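Single-structure report; data block below.
In my numbering, the protein residues as written are -12 to 185.
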């Protein structure tokens, strides 16, 4: 019986026709692809066309770069939140940071790279107020200074530095300002109220 089966054409064994080509005496069956595979294949093509129009043609969804930038901003915000939670941003905590020479030097470096256009290198004031006298428009406490650097002052040229700096650098800049406070450099005229309430 096995001999009889071996003599039967291959088509009868597998109920599929053979394709017309042959390689080294080897022929292949002309099997139909499974329906599920075809639906998956055509579905992937339709999806890719829709994806292309959605993101690249109509721009109705965030692109890869935009999604990446959003994720980076979220990660930085979370990092800053954790840093702020681990720092003592009270008046006492900020004064303590101002006693740390390394933190003060980092604050000075940031100040010189971003704040000199308005406050000058020595803090005596140009467009912005003099940071070395005893007069303060938004409070003289360390936390008042931190808030001004962090949030800025609406309707003035003092922008918010909290987002680009993060809480650590804001605290360091605040620490540096505390070291030049009351050094009374000659510069812009006093603004605001004196710290001692005179």
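By construction, the Cβ of each residue, glycine as well, lies at the ideal position given by its N, Cα and C atoms.
Treat the numbers as computed from the prediction; the structure is a model and nothing was measured.
With fewer than 16 neighbouring CB atoms inside 10 Å of its own CB, residue 46 falls in the exposed class.
Around residue 18, the same chain offers 3 as residues with beta carbons nearer than 6 Å, after the five sequence neighbours per side are excluded.
Listed in chain order, the alpha helix (DSSP H) elements of length 4 or more contained wholly in the segment 83 to 139 are 88 to 101, 103 to 106, 129 to 138.
Contact check for residue 113 against residue 107 passes: the beta carbons are separated by less than 7 Å.
With a cutoff of 7 Å on beta-carbon distance, residue 60 and residue 119 are scored as not near each other. DSSP lists no beta-bridge partner residue for residue 141. Residue 162 counts as buried, since no fewer than 16 other beta carbons sit within 10 angstroms of its beta carbon. Where residue 38 is concerned, the enclosing alpha helix (DSSP H) starts and stops at 22 to 39. Residue range 154 to 167 is occupied by the alpha helix (DSSP H) that includes residue 167. DSSP places residue 59 in the uninterrupted alpha helix (DSSP H) bounded by 51 to 73.
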